[in-house]
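Notes to accompany the following structure.
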Amino acid sequence: MHITYETVKQSEEIRTYITQADASLLALGYTEHSFAHVTRCAVVAGDLLQELGYDAHTVELCRIAAFMHDIGNVVNRNDHAQTGAVMAFRILDNMGMEPSDVAAVITAIGHHDDSTAFPVNAIAAALLLADKTDVRRSRVRNRDTINFDIHDRVNYAVEQSDLRLDQKAKTVTLTLSINTEVCAVMDYFEIFLQRMLLCRKAAEFFGLTFKLDINGLTLL
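The numbering of the sequence shown is the UniProt record's numbering, which starts it at 1 and goes up by one.
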């Protein structure tokens with residue numbers, strides 16, 4: 001059986017795990033990690049590989065990995081990348097996916113968490129870029145928290161976010177419009193510096209330079 005991105009998106013089993021994982025993160029006070037986040041990651045990561053000339057099958061596997069990358073949160077936030085990779089192995093193997101394809105997906109999932117992340121292959125690199133640049137106002141669930149939670153404040157301050165590949169310049173640029181009345185640009189760096197460094201590594205995998213533009217200023 002050929003397992004596609006649409007197959008995975010429509011799987012009630014996978015959707016149940018994503019829903020419950022996000023419910024746990026809500027209880028813990030995290031930003032949104034539900035279907036909006038994983039679908040955006042799938043689109044951004046897949047489109048990036050497509051633009052870079054990767055074959056359709058690799059793009060499809062990338063979208064699958066991105067859609068499933070946070071299911072490990074259903075068990076616990078700690079080590080959720082490794083847990084999610086093991087869960088994805090069981091699910092996709094039971095679906096009948098080819099072992100080489102399963103391996104590609106779980107490798108990317110297992111290498112996406114901040115503390116252990118690394119762009120070990122093209123799918124992992126694309127997933128890192130998509131996941132770590134998903135900063136936006138709509139991820140904040142409770143606006144009251146922006147007064148005391150810096151993660152919520154930074155996400156809420158982002159009014160526009162765009163990740164764009166420029167093949168001629170060999171750059172991939174995250175462009176943000178931040179409302180500095182909500183948070184200072186320095187707050188963004190305080191929270192997301194490690195993620196931006198991971199994006200730099202991921203971009204280098206493709207022979208690209210990662211750039212960060214905030215409010216019209218190039219900061220990386």
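Built from N, CA and C at the ideal position, the CB exists for glycine as well.
For the candidate residues the options, whose alpha-carbon lies nearest to that of residue i?
{"i": "L127", "options": "Y30, V38, H2", "result": "V38"}
{"i": "Y156", "options": "T145, T173, L165, A130", "result": "T145"}
{"i": "R136", "options": "D22, T31, E12, I14", "result": "T31"}
{"i": "T175", "options": "H33, G96, T133", "result": "T133"}
{"i": "H151", "options": "Y188, N121, S177", "result": "Y188"}
{"i": "residue 238", "options": "S177, K170, E60, F206", "result": "There is simply no residue 238 to check, as the chain begins at 1 and stops at 220 in what is shown."}
{"i": "V158", "options": "K168, N94, E6, E181", "result": "E181"}
{"i": "L49", "options": "A125, D79, E13, L26", "result": "A125"}
{"i": "D149", "options": "N94, Y5, E190, S100", "result": "E190"}
Would residue i and residue j be called neighbours here (beta carbons separated by less than 7 Å)?
{"i": "I123", "j": "A103", "result": "no"}
{"i": "C62", "j": "L129", "result": "no"}
{"i": "A85", "j": "I106", "result": "yes"}
{"i": "A81", "j": "G110", "result": "yes"}
Tell me which residue opens and which closes the beta strand (DSSP E) that residue i is part of.
{"i": "R164", "result": "158-166"}
Determine the extent of the alpha helix (DSSP H) in which residue i is found, giving its start and end residues.
{"i": "G178", "result": "According to the sequence provided, residue 178 is Ile. The question's Gly does not apply to it. Element bounds for I178: not the alpha helix (DSSP H) but the beta strand (DSSP E), 171-178."}
{"i": "I64", "result": "56-68"}
{"i": "F210", "result": "Run containing F210: none in the alpha helix (DSSP H); it sits in the beta strand (DSSP E), 209-214."}
{"i": "G72", "result": "Unbroken run through G72: none, as it is neither H nor E."}
{"i": "Q82", "result": "80-95"}
Checklist entry - Would you call the stretch 51-58 and the stretch 86-93 in contact, with 3 or more CB pairs under 8 Å? => result The count of Cβ pairs closer than 8 Å, one atom from the stretch 51-58 and one from the stretch 86-93, stays below three, leaving the stretches out of contact.
Item to check | Segment contact flag, the stretch 67-85 with the stretch 35-52, C-beta cutoff 8 Å, min 3 pairs | outcome: yes
Item to check | Segment contact flag, the stretch 159-169 with the stretch 109-123, C-beta cutoff 8 Å, min 3 pairs | outcome: no
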